[in-house]
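Using my numbering, the first residue of the sequence shown is number 1, and each one after it goes up by one.
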Amino acid sequence: ELLAQRDAVIGELGELLGRRRGTVRVAASTIPGEYILPPLLAAFRQIEPDVLVDVRIKDSAGAVADVAAGKCDLGFCGKRDEAGAKMSYTELWHDELALVVAPKHAWVRRQAPLDAEALRGADFVERRGGSGTQHAALSLLRELTEGRPPNHDVVARLDSPTAIKEAVVAGVGAAVLSERSVKRELRDGTLVRIALGVDAPRRAFYLVSDPRRTLSAIAEVFLAFVRERAGSVDQAR
Numbered sequence: 001e002l003l004a005q006r007d008a009v010i011g012e013l014g015e016l017l018g019r020r021r022g023t024v025r026v027a028a029s030t031i032p033g034e035y036i037l038p039p040l041l042a043a044f045r046q047i048e049p050d051v052l053v054d055v056r057i058k059d060s061a062g063a064v065a066d067v068a069a070g071k072c073d074l075g076f077c078g079k080r081d082e083a084g085a086k087m088s089y090t091e092l093w094h095d096e097l098a099l100v101v102a103p104k105h106a107w108v109r110r111q112a113p114l115d116a117e118a119l120r121g122a123d124f125v126e127r128r129g130g131s132g133t134q135h136a137a138l139s140l141l142r143e144l145t146e147g148r149p150p151n152h153d154v155v156a157r158l159d160s161p162t163a164i165k166e167a168v169v170a171g172v173g174a175a176v177l178s179e180r181s182v183k184r185e186l187r188d189g190t191l192v193r194i195a196l197g198v199d200a201p202r203r204a205f206y207l208v209s210d211p212r213r214t215l216s217a218i219a220e221v222f223l224a225f226v227r228e229r230a231g232s233v234d235q236a237r
């Protein structure tokens, strides 16, 4: 609370001097933090060069928890956390899931879309449970198995999309990942997207804030900037 008060005072002094200064503390899950926010931060710095945006990468549950605890001003996450029921969620961006494998994987030679039978016993690499991507991935796999428990084998569980991508490229197994996170690898051919027998689900990314807390002037400026640019991020996918 003292650090937040200090940041607020610094921001207010900057306003009085005609130049905004201060820190915006942000908690972001992996996809917003690593793939959506960086270009926004570059654009924000062009108009607010003296504002530091301190981004902490978490899973979705961790991002919500940091905002709820007052450790961060704002959060960006891939799923609503029912444990954080008092939080305010605003849908900002969308994404699609992609099932990806290494180029030499047997599924690359399949002529038909992937189905439940092909999924049986297949090796998979997945994220940990607090991840919004993993939550959406399990929903997709259940749809492939027509609502039955997924029948694949989890052979590795990793903390980040980057680690999972490297594992898939190395041939450890298949993975369901955010399309945003594998766009470059699909383009250069180090990963291959597998056609599915169901529509790939779209997922949302949310801005999360705590309505019980008052944002600093600097945080309000950053919030307004992100909301203004939200549409351009989806169009640039």
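For glycine and all other residues, C-beta sits at the position ideal for the given N, C-alpha and C. Small disclaimer: the values here were computed from a predicted structure and weren't measured.
- With fewer than 16 other CB atoms across the displayed protein chains lying within 10 angstroms of its CB, His94 is exposed.
- For Gly132, there is no enclosing beta strand (DSSP E); the residue is found in the alpha helix (DSSP H) stretching over Gly132 to Leu144.
- The DSSP-derived three-state label of Lys183 is helix.
- Here Leu191 carries a coil assignment [DSSP, helix/strand/coil].
- Counting only runs of 4+ residues, the alpha helix (DSSP H) found wholly inside the stretch 150–174 occupies 161–169, in chain order.
- Secondary structure of Glu96 (DSSP, three-state): strand.
- Per the C-alpha coordinates, the member of Pro103, Ala137 and Ala65 positioned closest to Arg187 is Pro103.
- Taking a 10 Å sphere around the C-beta of Asp81, we find 16 or more other C-beta atoms and assign the residue as buried.
- Nearest to Pro201 by C-alpha distance, out of Arg110, Glu179 and Gly121, is Glu179.
- Per DSSP, the continuous beta strand (DSSP E) segment holding Arg127 begins and ends at Asp123 to Arg127.
- It is roughly 13 Å from the alpha-carbon of Ser60 to the alpha-carbon of Val26.
- About 7 Å separates the CB atoms of Asp73 and Ser216; that is less than 8 Å, so the two are in contact.
- In terms of Cα proximity to Ala156, the closest of Phe44, Ala174 and Asp115 is Ala174.
- Within 10 angstroms of the beta-carbon of Ile47 lie fewer than 16 other beta-carbons, which makes it exposed.
- With a contact defined as Cβ atoms closer than 8 Å, Ala28 and Ala63 qualify at about 6 Å.
- Within the stretch 14–84, the complete beta strand (DSSP E) segments at least 3 residues long are 22–29, 51–58 and 74–77, listed from N- to C-terminus.
- In this structure, the CA atom of Asp123 is about 39 Å from the CA atom of Lys86.
- In its chain, beyond the 5 residues on either side, Pro201 have a beta carbon closer than 8 Å to the beta carbon of Ser139.
- One thing to note: Arg227 has its Cβ within 9 Å of the Cβ of Thr90.
- For Leu119, the enclosing alpha helix (DSSP H) stretches over residues Ala116 to Leu119.
- Looking at Val198, Arg128 and Glu34, the one whose alpha-carbon comes closest to that of Leu144 is Val198.
- When DSSP states are grouped into helix, strand and coil, Val221 belongs to the helix group.
- Contact check for Phe205 against Leu40 fails: the beta carbons are separated by 9 Å or more.
- Contact check for Arg193 and Leu158: beta-carbon distance about 20 Å, past the 8 Å limit, so the pair fails to qualify.
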